[in-house]
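A.B. asks: I have a structure I would like to understand better, so I am pasting it below and will then ask my questions one at a time.
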Amino acid sequence: SKEEFLAELSELKEGNLSNEKVAFGSAKGKNVIMIQVESLQNFVIDLSVDGQEVTPVLNSLVDESYYFSNVYQQVGQGNTSDAEFIFNTAIYPREDVATSELASTRDFPSIARILGEQGYSTSTFHPGDKEFWNRDDLYPALGIETIYDKQLFENEDVIGIGPSDEVLFKKGVMELKKTQQPFYSQFITLSSHHPFELPKEKQLLELPEKLENTDVGNYLQSVAYTDQAIGKFIEELKKNGLYDNSLLVIYGDHQAPLQDEKLVSEVLNHEYHTIDKFNVPFLIHGDMTKQGQKITQVGGQLDMMPTVANLLGLSLDNEVIFGQDLLNTEKNLVGTRFYLPTGSYFSNSVFYEAGNTFDDGVAYSLDTHEEIPLTADMKKDYEAVLKLEKLSDDYIASLEGKE
Ligand code: GP9
């Protein structure tokens, strides 16, 4: 039963949250505009190439936002759709299937549903086909009312596998203007999708020769394009009076498949470590405008929704969620599987990459990225992660049948 799941969860997560809770309800009643950015990795934030900022818009947003710099990817084979699932539910995606495949037969508890019950209108915008990743099942299962997919954006400016991010945001604002407030709306971008082929006329960066015609250079161009599109979106939101009364939540869905890791290391000026690969940016703008705050507490994608929920004043005490509010966290344990062997995790100070058994694994210091010896505490965390992931899988299984 739900009570049993809640009891087991609180045992596994005991002592993780701070005693005092900050910022609860500080953005109560605001609209929520979530932008899930395709292949956005944290290393692009504040990165310059030949004196040019790759993400000037995000960089200046970071200065006015809660910016969580130590958040790690937890998606499985459902990739982009898993990230959407995680953000909405704070439940671990399954390892053996794209979790959206399970959406035709069950409803998922989600922030969209909770906000919907409180009178928010809920919508999602994605320029692709809604059948892709079973989003036509996933969105209703998450309790999202209105789905805008490629039909809304068709026959306009196409980049790679779908209409451009500029079109996504331009048409999106036109719909948002007509939407009843407060609303919860998610925007799933697409232009920075692999293989990062951006038309010449949209390329914003003057790349040094060594990056030209490389996947790394193309990736940076694509991200710079999406960054600019987000900037235009913000201008439109402002023009339409939708900026000040909204929380803008931006994060990366998963790593970019970059082949030439040596070249990434050159761009970063340090070794491109697995830790960098899994690090996605997460920022929330609109609660503490003007004065930003950088939060270095380790987290995962599962922690995004509880963090936003805290600002909106939503109590999740009675919800089976596997993430935790990063503004009120003391310690954390972030499991990530599928892209890494099961049992791998990030904790406050360690990245542990599992092997077939605990002892076959390797641990690294999150600080220095250097290999460190395995300890008994790490083994406890490894076992706890396996339990959390199993509990999450069992919980999804228990949701059998539409509510
Ligand atoms: C497809 C798009 C990309 O609709 O969201 O998904 P991905 O291939 O990155 O999982």
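If you read the sequence shown in the working numbering, its first letter stands for residue 66, the second for the next number, and so on.
Quick reminder that beta carbons are idealized off the backbone N, C-alpha and C, glycines included.
Return yes when at least one heavy atom of the ligand GP9 lies under 7 Å from the C-beta of ASN283, else no.
C.D. replies: no
A.B. asks: Given this structure, state the Cα-to-Cα distance separating TYR249 from GLU240, to the nearest angstrom.
C.D. replies: 13 Å
A.B. asks: Suppose only complete runs of 3+ residues qualify. What are the beta strand (DSSP E) ranges in the stretch 101-183, listed by chain order?
C.D. replies: 130-137
A.B. asks: With DSSP run on the structure shown, which of helix, strand or coil describes ILE295?
C.D. replies: helix
A.B. asks: Check this for me: beta carbons of GLN101 and PHE152, under 8 Å apart or not?
C.D. replies: yes
A.B. asks: Taking 7 Å as the cut-off, does the CB of ILE100 come closer than this to any heavy atom belonging to the ligand GP9?
C.D. replies: no
A.B. asks: Counting C-beta neighbours from all protein chains within 10 Å, is the total for ASP230 16 or more, i.e. buried, or is it exposed?
C.D. replies: buried
A.B. asks: Is there at least one non-hydrogen atom of the ligand GP9 closer than 7 Å to the beta-carbon of GLY193?
C.D. replies: yes
A.B. asks: Measuring alpha carbon to alpha carbon, tell me which of LEU217, THR433, VAL109, ASP115 ends up nearest LEU123.
C.D. replies: VAL109
A.B. asks: Between ILE224 and GLU76, what straight-line distance do the alpha-carbon atoms span, to the nearest angstrom?
C.D. replies: 48 Å
A.B. asks: My parser needs the alpha helix (DSSP H) runs of 4 or more residues fully inside the stretch 210-252; what are they?
C.D. replies: List check, alpha helix (DSSP H) in window: 215-218, 230-243.
A.B. asks: Looking at the structure shown, is GLN268 part of a helix, part of a strand, or coil, going by DSSP?
C.D. replies: If DSSP states are grouped into helix, strand and coil, GLN268 belongs with coil.
A.B. asks: Using the three-state DSSP reduction, which class does GLY400 fall into: helix, strand or coil?
C.D. replies: Looking at GLY400 - three-state DSSP - the assignment turns out to be strand.
A.B. asks: What is the DSSP secondary structure of PRO192, reduced to helix, strand or coil?
C.D. replies: coil
A.B. asks: Does the beta-carbon of SER409 have 16 or more other beta-carbons within 10 angstroms, so that it is buried, or is it exposed?
C.D. replies: buried
A.B. asks: In three-state DSSP terms, what is ALA428?
C.D. replies: strand
A.B. asks: Measure the alpha-carbon distance for VAL238 versus PRO438 and round it to whole angstroms.
C.D. replies: 52 Å
A.B. asks: Would you say ILE253 touches the ligand GP9, meaning its beta carbon is less than 7 Å from a heavy atom?
C.D. replies: Indeed, a heavy atom of the ligand GP9 lies less than 7 Å from the Cβ.
A.B. asks: Any heavy atom of the ligand GP9 closer than 7 Å to the CB of ASN199?
C.D. replies: No, the beta carbon of ASN199 sits no closer than 7 Å to any heavy atom of the ligand GP9.
A.B. asks: For SER113, which residues of its own chain have a beta-carbon under 8 Å away from its beta-carbon, when the five flanking residues on both sides are left out?
C.D. replies: VAL119
A.B. asks: So SER371 is in the alpha helix (DSSP H); what residue range does that whole segment cover?
C.D. replies: First, the amino acid is wrong: residue 371 is Pro here, not Ser. Where PRO371 is concerned, the enclosing alpha helix (DSSP H) stretches over 369-377.
A.B. asks: Can you tell me whether HIS350 sits near the ligand GP9, meaning its C-beta is under 7 Å from at least one heavy atom of the ligand?
C.D. replies: no
A.B. asks: Any heavy atom of the ligand NAP closer than 7 Å to the beta-carbon of HIS335?
C.D. replies: Although the ligand NAP was asked about, the structure shown includes only the ligand GP9 as ligands.
A.B. asks: Counting only the same chain and skipping the five closest in sequence on each side, list residues whose C-beta sits under 6 Å from that of SER414.
C.D. replies: Answer for SER414: LEU431, listed in chain order.
A.B. asks: Classify GLY227 as buried or exposed, calling it buried when 16 or more other Cβ atoms lie within 10 Å of its own Cβ.
C.D. replies: buried
A.B. asks: Checking 8 Å against the spacing of the C-beta atoms, do VAL136 and ASP318 come in under that value?
C.D. replies: no
A.B. asks: Identify the continuous beta strand (DSSP E) that holds ILE315 and give its terminal residues.
C.D. replies: 311-317
A.B. asks: Using the beta-carbon count (16 or more within 10 Å), is VAL127 buried or exposed?
C.D. replies: buried
A.B. asks: Assign ASN13 to one of three DSSP states: helix, strand, or coil.
C.D. replies: In the structure as shown, the chain begins at 66 and stops at 468. Residue 13 is therefore absent and cannot be evaluated.
A.B. asks: Taking the straight line between their C-alpha atoms, what separation do you get for LEU323 and VAL232?
C.D. replies: 26 Å
A.B. asks: Is THR145 near the ligand GP9, judged by its Cβ being under 7 Å from some heavy atom?
C.D. replies: yes
A.B. asks: Select from LYS67, ARG159, ALA177 the residue whose C-alpha is nearest the C-alpha of LEU377.
C.D. replies: Of all alpha-carbon atoms in LYS67, ARG159, ALA177, the one lying nearest the alpha-carbon of LEU377 is that of ALA177.
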